[in-house]
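**Student:** My structure is below; once you've seen it, I'll send some questions.
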Amino acid sequence: MLIEPYIIEKNTDADAPLLVHLTKHKQDVWPSRAAAEEKARQYLRSWDSRVLERWFQWGYRELPTALYPKDGAHNSETPVTLTTTKFQEAMTYARANPYRHKELGLQNENNGERLAAPPHDPLFFPDVMAGLPPGQQAYRPEPIVAGKLLPHLRPSALFLSGASSPLYKCGLHTTMAERTGGSIGGSGGVRYGRVRHLWVEGAGHALPLEKVDLTASILGEWIQTEMERWTTDEHRIATGWEDLSPAERSRFTKEWEKVMAESLAFLRNTKGAKL
1 MLIEPYIIEK NTDADAPLLV HLTKHKQDVW PSRAAAEEKA RQYLRSWDSR VLERWFQWGY
61 RELPTALYPK DGAHNSETPV TLTTTKFQEA MTYARANPYR HKELGLQNEN NGERLAAPPH
121 DPLFFPDVMA GLPPGQQAYR PEPIVAGKLL PHLRPSALFL SGASSPLYKC GLHTTMAERT
181 GGSIGGSGGV RYGRVRHLWV EGAGHALPLE KVDLTASILG EWIQTEMERW TTDEHRIATG
241 WEDLSPAERS RFTKEWEKVM AESLAFLRNT KGAKL
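Quick note: the sequence shown uses my numbering, first residue 1, plus one each step.
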């Protein structure tokens, strides 16, 4: 189940450093828990009230902390900061790549020669994917790796989007859903009913935090369908197998013997093999 996933085929997004910058410079200390909650109610107003209450409970911690060793209290109230620091949050968006390492073995588009500088660094930069947009000195490999592997995904998949989310509105989720499971080793994808793409009106990127009940309902129905599919698959596997003796399970089936015989006959007829 993929709820508002960020999955791409290649690195064409140069906005990650901007997101890191904005996160780094956002407010992360408030004079009291009440002040923090008041501010959150403004910019998280689309969240379900139950989610917001959980955020108030677990999203803040009192000073002092490693980042803010002085509590800064000027009255009886205790200042608070984010439980997960803004720096930790920012570093989930992108990794620094100051020397612009590129994908191992990537060829220079201008002359076809392998890029020699900077040299590959398997310790600190082992997983840079493709090239970097001009001026970009940060990367994140997982969305690109996932994008490359989606066609080979074997399990069923559900893409769930918020209709107001930029990732849905730009067509990214639709494209990724259509690519999923449709190649070697894949489930069969949308064509065979193994991949679905649904979207929720009036919801954005924070869909599960905004539409809690509806999200749970959609996921629950999909899980029920998949459990029924799994039960059918288990029955298919067991049929004709559970009745076999240990000895019969340890050698070729009659079907396999027939395949071997027909294959050998074909070789004799076409290549004159002496078998």
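Beta carbons are placed, not taken as given, at the ideal position from N, Cα and C, and that holds for glycine.
1. Could you tell me the alpha carbon to alpha carbon distance between Asn269 and Glu255, rounded to whole angstroms?
2. Exposed or buried, what is Ala203 when buried is set at 16 or more other beta-carbons lying within 10 Å of its beta-carbon?
3. Can you tell me where the beta strand (DSSP E) with Tyr99 in it begins and where it stops?
4. Restricting to Cα atoms, I'd like to know which of Gly181, Thr23, Thr65, Leu160 is closest to His173.
5. Identify whether Leu149 lies in helix, strand or coil by the three-state DSSP scheme.
6. Would you kindly work out how many angstroms separate the C-alpha atoms of Glu178 and Ala206, rounded to a whole number?
7. Tell me whether Asn111 is buried or exposed, calling it buried when 16 or more other Cβ atoms sit within 10 Å of its Cβ.
8. Would you check if the distance between the CB atom of Thr83 and the CB atom of Arg61 is smaller than 7 Å?
9. Restricting to runs no shorter than 3 residues, where is the beta strand (DSSP E) found entirely within the segment 23-73?
10. Check whether the segment 98-105 and the segment 124-133 are in contact - that is, three or more C-beta pairs closer than 8 Å.
11. Taking 8 Å as the threshold, find out whether the segment 156-170 comes into contact with the segment 207-224 through three or more Cβ pairs.
12. Three or more C-beta pairs under 8 Å: does that hold for the segment 17-32 against the segment 191-201?
13. Do Ser183 and Arg154 count as a contact pair if the criterion is CB distance below 7 Å?
14. I think Thr180 touches Gly189, with their Cβ atoms under 8 Å apart; what is that distance to the nearest whole Å?
15. Using CA coordinates, which residue listed in Ala96, Tyr6, Ser263, Glu9 is at the minimum distance from Ala135?
16. Below 7 Å between beta carbons: does that hold for Glu89 and Ser32?
17. Is the beta carbon of Lys147 sitting closer than 7 Å to the one on Glu9?
18. Does the beta-carbon of Ser263 have 16 or more other beta-carbons within 10 angstroms, so that it is buried, or is it exposed?
19. Please check the pair Tyr68 and Ala16, which I expect to be a contact at CB under 8 Å, by giving their CB distance rounded to whole angstroms.
**Tutor:** With the structure as the only source:
1. The sequence position of residue 269 within the sequence shown is 269, counting from 1. The sequence position of residue 255 within the sequence shown is 255, counting from 1. Asn269 and Glu255: Cα-Cα distance of roughly 21 Å.
2. Taking the sequence shown and counting its residues from 1, one reaches residue 203 at position 203. It is buried - the Cβ of Ala203 has at least 16 other Cβ atoms within 10 Å.
3. Reading the sequence shown from its first residue, position 99 is the one you call residue 99. DSSP places Tyr99 in no beta strand (DSSP E); its state is neither H nor E.
4. Against the sequence shown, residue 173 aligns to sequence position 173. If you compare the alpha carbons of Gly181, Thr23, Thr65, Leu160 with that of His173, the shortest gap goes to Leu160.
5. As a first step, residue 149 must be located in the sequence shown, where it is residue number 149. Leu149 sits in a helix when the DSSP states are folded into three classes.
6. Looking up residue 178 in the sequence shown gives position 178. Looking up residue 206 in the sequence shown gives position 206. Approximately 23 Å between the Cα atoms of the pair.
7. Mapped onto the sequence shown, residue 111 falls at position 111. The predicted position of Asn111 is uncertain, since its pLDDT is 45 and thus under 50; no value can be drawn from it.
8. Against the sequence shown, residue 83 aligns to sequence position 83. Against the sequence shown, residue 61 aligns to sequence position 61. The answer is yes: Cβ separation under 7 Å.
9. Note on the segment 23-73: whole beta strand (DSSP E) runs with a minimum of 3 residues are 60-62, in chain order.
10. With a cut-off of 8 Å, the segment 124-133 and the segment 98-105 count as touching, because enough Cβ pairs lie within range.
11. Yes, the segment 156-170 is in contact with the segment 207-224.
12. By the Cβ rule, the segment 17-32 does not count as touching the segment 191-201, because fewer than three pairs are nearer than 8 Å.
13. Stepping through the sequence shown from its first residue, residue 154 is reached at position 154. Stepping through the sequence shown from its first residue, residue 183 is reached at position 183. It is not a contact, given that the beta carbons lie outside the stated cut-off.
14. Walking along the sequence shown from the start, residue 180 turns up at place 180. Walking along the sequence shown from the start, residue 189 turns up at place 189. Correct: roughly 6 Å between the Cβ atoms.
15. To locate residue 135, count along the sequence shown from 1; it is residue 135. The sequence shown places Gly at residue 135, not Ala. With distances taken between Cα atoms, Gly135 lies closest to Ala96.
16. Here residue 89 corresponds to residue number 89 of the sequence shown, with the count starting at 1. Here residue 32 corresponds to residue number 32 of the sequence shown, with the count starting at 1. Their beta carbons are not under 7 Å apart, which means Glu89 does not touch Ser32 by this criterion.
17. Position 147 of the sequence shown holds residue 147. Position 9 of the sequence shown holds residue 9. Residue 147 is actually Gly in this sequence, not Lys. Their beta carbons are under 7 Å apart, which means Gly147 touches Glu9 by this criterion.
18. In the sequence shown, the residue the question calls residue 263 occupies position 263. Flag for Ser263 reads exposed.
19. As a first step, residue 68 must be located in the sequence shown, where it is residue number 68. As a first step, residue 16 must be located in the sequence shown, where it is residue number 16. In fact, because the Cβ distance is near 27 Å, the residues do not count as touching under 8 Å.
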